[in-house]
Every structure is written in C-alpha cells, then in structure tokens.
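Have a look at the structure below before the remarks.
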Amino acid sequence: MNEIILEKKLINIRRQIHKFPELGNCETKTTKLIENVLNSEGIKTKKITKTGTIGLIEPEDKKPKMCIAFRADIDALPIEEKTKKPYSSRYKGIMHACGHDANTTMVLGSAILIKRNFSSSFDNIAIKFIFQPNEESAGGAQTMIEAGALKNPDVNYIFGIHVNPQLPTGTIGIKNGEMMASVDKFEVEIYGGGGHAAYPHKSKDTIITASEIIMSLQTLVARGIDPVEPVVISICTIQGGTKFNVLPEKVVFSGTVRTLNENLHRKMPKLIEKIVKEKTREKKLKYNFKYEVLGYPLYNDKKLVDICTKSAEKIVGKRKIIFIEKPSMGGEDFSEYLRFVPGCFLYIGSKTKNPNITWHHPEFDIDEKILLTGSKILSQIAIDMARSRTKLS
C-alpha cells in the first residue's frame, strides 16, 4: 500500500477515535470501529469481553509454530478537552488525553501492513492484535487475560507501544529490564473514637492516630526498606470530621504504593497493615484495611529488547533510538501480560512545543506523523520475530 495513502487512512482512524472517546468498559463505538477496520482488511476478529476484541492473522492450512501479540489500550479519560482542534472530543467531559487513540491506531496500522504486504513472511507464525479496554481504571488487562486473550493460539511473546510526550517526536524509547513500577491502592478506616474538642483527654482521637500512621508509613519507606529499592507510598485522600469543635468518630485515608521489586511488592500489604494495627491498638481504636493490586512491575525481556531495538533502527535509524536509563514509578497494566509471557514495551516520542502539556492534560495532542512510523516499527518487529523464532526457542 502506498505510504501516503496509508498515512491518511491512519490519521482518519485516529481522529475518528479521538472525536468519540469512551471511558473504560464503555468503548462500544471504538471497538466497532476497530472490528470494521480489521474485517475490511480480511482479518478475523473475536470479541472476548464486553468491549475487548482480538484480531488474528494465522496460517490457514497449518498449525503455527509461534504466536506473537501486539496490545493496544483503547479507553479515554474523564477530562474536558481544550485543544480546539477540528477533531476534538464531541463528548463533554471525556477525551483521549493519554494517547490511547494513537496507540490503537498504530496497532491497527501494523495489522494492515502485515496483512497486505508481509503475509508471505508469516507462514509458520500467528499474530494477534489485542485491543484492551479499561487501562486507565485498571483491571482491563486482567479481564482480557481471564477471557482468553493469550490463548487459542497460545501467545509466546507480546509487545506494546505507547506515545510519550516527554520524548522528541518520532524517537523510540526503550529500556531493558525494569521499566515501570507496580501500582497498588489501599484504604484505611480508623473508627471508634469521637468526642468534644474541649475534652480530648476523655476521647479517642482518630485524626491524631491517622496522622501518626501516615507519618509512620513515610518512616517505613525511609528507614524500614533498603534504600536501593525504590518504593513510593503516597497518601492522596483524607476524610474526617464534620464540624470544627467535634472530634470525629472516624477518619478514612487512601493512597498508592509503588515499587520496582516484585518480592518487596508482595510484602508491602503486611508491612502497611502492621503499622495500622499497632497504632490503632495503642490508641484503643479499631480499623478496616483494604488493599488492591492494580498492576505489577513492568519488566522488559532482554532478547526482545534487542530485537525491538534492531527493528526500530530499520525504520527510524540508530540516532532516534533512546535507551531509557531510569525506570518510571508510574504504572502500566501491560505488566499483567508479562506475568504469563515475555514481552517488550516501547515508547514513541510525541513531544509538542509546550513541555508542560503531557499525559492527562486537557490540551494533550500528538504529531500524527508518528502513526505511520509506529505502525511500521510494529510490523517490522513481527517480521524480525518470524525470522528469529528459532533463536528464541
């Protein structure tokens, strides 16, 4: 397919998705568009969750020796768009402020390229295209996996791509090993107190107790954990009290826990609850503790990083490959897939003139030239994986 024609097609697809953004697990129009694009190219599709769908290219007359997958997140955010572009969101209070419209388009573009131009290269492998809902609210990847996204045929390797407004446009950011942190959320309710503000000695103070717990959590990070192991505990909400002179009966606070170490990740719930239990027992108060794992550390496989790097170099050249030095404490539920199969997660640079406009900003947008570039890189990865399959076995 002529690259100019394909680029126009990809831009149109991206703008359609951008104009009609949908929140997690509500992506019905987005999924329908994805299915229409794939079906029009002769690619089989199967919806495996309410709004999650799979595209599949596989040999017709033989069992594939290997299956690789490309994953795209398709959901938008509850943000009012302020870009004032002709393709701005038509839905009040919802926009693609994280670039999932672009991620989806690049995976669709790779499917088009693979189906049209490179089918002869894949006589022994199958290629899946996983379009996952609900990445932003977490749980989307887990739901897709439970619904069989990595099965029938079984996926051996998986790849993901995401726009990155912090990298120069058209560059590729890649990192071997630890790339992103786990993300967990927790909530603590302290109750059984209350009383008159004038007589604190006759009351049980839930606010003071909550404050002590919060400060102790920071001491846990600073003094209870090896300083070479990054851990971030952030308290993001606190609710307690209804009147200036009444000590509240209860206080509720919540936050996130992030780490790059999977062993430490497993220990964090007990370490946090131990502090909560000790402080509330000391003050003769009661507590409820909730802890939820939203995502695991994202770890890129070294062999796949090498292949992806060489594939990207063939499209953009060595000078546009950026090897990321430090992992991010942000999270990405692509890590869920990596619990089951090795994979590699890439960034494609989409930096704009204003460095303050980044992910989740109401003026977030991309340079649409990256759509074709990203599509070509993913399709090149597929070609190189097909050629290297014996080396990875």
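Be aware that the sequence shown starts at 211, since it is given in this note's numbering, and climbs by one per residue. Backbone N, C-alpha and C fix where the C-beta goes; we use that ideal spot for every residue, glycine too. Quantities reported herein were computed from a predicted structural model and do not represent experimental measurements.
Around the C-beta of HIS333, are 16 or more other C-beta atoms found within 10 angstroms, so that it is buried, or is it exposed?
Translated into positions along the sequence shown, residue 333 becomes position 123. His is not the amino acid found at residue 333; the sequence shown has Asp there. Per the 10 Å Cβ criterion, exposed.
Buried or exposed for ASP543, going by 16 or more other Cβ atoms inside 10 Å?
Counting from 1 along the sequence shown, the entry for residue 543 is found at position 333. Counting Cβ neighbours within 10 Å, ASP543 comes out buried, since at least 16 surround it.
Could you give the DSSP three-state label for ILE304: helix, strand or coil?
Here residue 304 corresponds to residue number 94 of the sequence shown, with the count starting at 1. ILE304: coil per DSSP, three-state reduction.
Verify whether the separation of the beta carbon atoms of ASP577 and LYS295 is less than 8 Å.
For the purposes of this step, residue 577 is taken as the residue at position 367 of the sequence shown. For the purposes of this step, residue 295 is taken as the residue at position 85 of the sequence shown. Result no, Cβ atoms of ASP577 and LYS295 do not sit closer than 8 Å.
Buried or exposed: which applies to GLU488, given that a residue is buried once 16 or more other Cβ atoms fall within 10 Å of its Cβ?
Here residue 488 refers to the residue found at position 278 when the sequence shown is read from its first residue. The residue is exposed, with fewer than 16 neighbouring Cβ atoms inside 10 Å.
By the DSSP assignment, the alpha helix (DSSP H) with GLU523 in it spans what residues?
As a first step, residue 523 must be located in the sequence shown, where it is residue number 313. Looking at the DSSP string, the run of the alpha helix (DSSP H) that includes GLU523 is 512-526.
Run through DSSP, which three-state label would HIS372 get?
For the purposes of this step, residue 372 is taken as the residue at position 162 of the sequence shown. In the structure shown, HIS372 sits in a strand (DSSP, three-state: E or B).
Buried or exposed: where does MET425 fall if 16 or more other Cβ atoms within 10 Å of its Cβ makes it buried?
Within the sequence shown, the letter at position 215 stands for residue 425. Exposed, because fewer than 16 other Cβ atoms sit within 10 Å of the Cβ of MET425.
Mapping DSSP to helix, strand and coil, what is THR583?
For the purposes of this step, residue 583 is taken as residue 373 along the sequence shown, with counting starting at 1. THR583 falls in the helix class under three-state DSSP.
Put ARG529 into one of helix, strand or coil per three-state DSSP.
Taking the first residue of the sequence shown as 1, we reach residue 529 at position 319. It is helical.
First and last residue of the beta strand (DSSP E) that includes SER607?
Residue 607 cannot be examined here, being either before or after the span of the chain that is shown, 211 to 603.
Let me check one thing: in DSSP terms, what residues is ASP283 bridge-paired to?
Residue mapping note: residue 283 aligns to position 73 of the sequence shown, counting from 1. For ASP283, which the question treats as bridged, DSSP gives the partners GLN342.
Which value, in whole angstroms, describes the spacing of the CA atoms of LYS601 and PHE463?
Looking up residue 601 in the sequence shown gives position 391. Looking up residue 463 in the sequence shown gives position 253. Because LYS601 sits at a pLDDT of 49, beneath the cut-off of 50, its placement in the model cannot be relied upon, and the point is left open.
Just to confirm the assignment, what range does the alpha helix (DSSP H) spanning ILE382 have?
Position 172 of the sequence shown holds residue 382. Premise fails: ILE382 lies in the beta strand (DSSP E), 382-384, not in any alpha helix (DSSP H).
Whole angstroms are fine: how far does the CA of PRO507 sit from the CA of PRO437?
Walking along the sequence shown from the start, residue 437 turns up at place 227. Walking along the sequence shown from the start, residue 507 turns up at place 297. Whole-angstrom Cα-Cα distance: 18 Å.
In its own chain, which residues sit with a C-beta less than 7 Å from the C-beta of THR419, not counting the 5 before and 5 after it?
In the sequence shown, counting from the first residue as 1, residue 419 sits at position 209. Excluding sequence neighbours, THR419 sits near ILE400, LYS489, THR490, LYS493, LEU495.
By the three-class DSSP mapping on this structure, what secondary structure does ALA407 have?
Counted from its first residue, the sequence shown places residue 407 at position 197. ALA407: coil per DSSP, three-state reduction.
How far does the alpha helix (DSSP H) with GLY505 in it extend, from its first residue to its last?
Counted from its first residue, the sequence shown places residue 505 at position 295. Unbroken run through GLY505 is the beta strand (DSSP E), 496-505; no alpha helix (DSSP H).
Could you have a look at GLY234 and say whether DSSP puts it in helix, strand or coil?
One-based indexing of the sequence shown puts residue 234 at position 24. Looking at GLY234 - three-state DSSP - the assignment turns out to be coil, as it is neither helix nor strand.
With a 10 Å radius around its C-beta and 16 neighbouring C-beta atoms as the bar for buried, classify ASP271 as buried or exposed.
Taking the sequence shown and counting its residues from 1, the one referred to as residue 271 is at position 61. By the 10 Å Cβ count, ASP271 comes out exposed.
Specify the secondary structure class of GLY262 as computed by DSSP and reduced to three states.
The residue you call residue 262 lines up with position 52 of the sequence shown. DSSP places GLY262 in coil when its eight states are reduced to three.
Roughly how many angstroms lie between the CA atoms of LEU266 and GLU245, to the nearest whole one?
Counted from its first residue, the sequence shown places residue 266 at position 56. Counted from its first residue, the sequence shown places residue 245 at position 35. Going from the Cα of LEU266 to the Cα of GLU245 covers about 11 Å.
List the whole-angstrom C-beta distance separating ILE340 from ALA279, where the pair is believed to meet the contact cut-off of C-beta under 8 Å.
Translated into positions along the sequence shown, residue 340 becomes position 130. Translated into positions along the sequence shown, residue 279 becomes position 69. With a Cβ gap of about 5 Å, ILE340 and ALA279 count as contacting.
Taking its Cβ as the centre, do 16 or more other Cβ atoms sit within 10 Å of ILE264, making it buried, or is it exposed?
Residue numbering aside, residue 264 sits at position 54 when the sequence shown is read from its first letter. Classification of ILE264: buried, given that the 10 Å Cβ count is 16 or more.
With DSSP collapsed to three states, give me the class of THR293.
Translated into the one-based positions of the sequence shown, residue 293 becomes position 83. THR293 falls in the coil class under three-state DSSP.
Residue range of the alpha helix (DSSP H) that PRO490 falls in?
Taking the sequence shown and counting its residues from 1, the one referred to as residue 490 is at position 280. The question names Pro, yet the displayed sequence has Thr at residue 490. Per DSSP, THR490 belongs to the alpha helix (DSSP H) from 472-492.
Does at least one heavy atom of the ligand GTP sit under 7 Å from the Cβ of GLY350?
What this structure holds is no ligand at all, so the ligand GTP is not there to describe.
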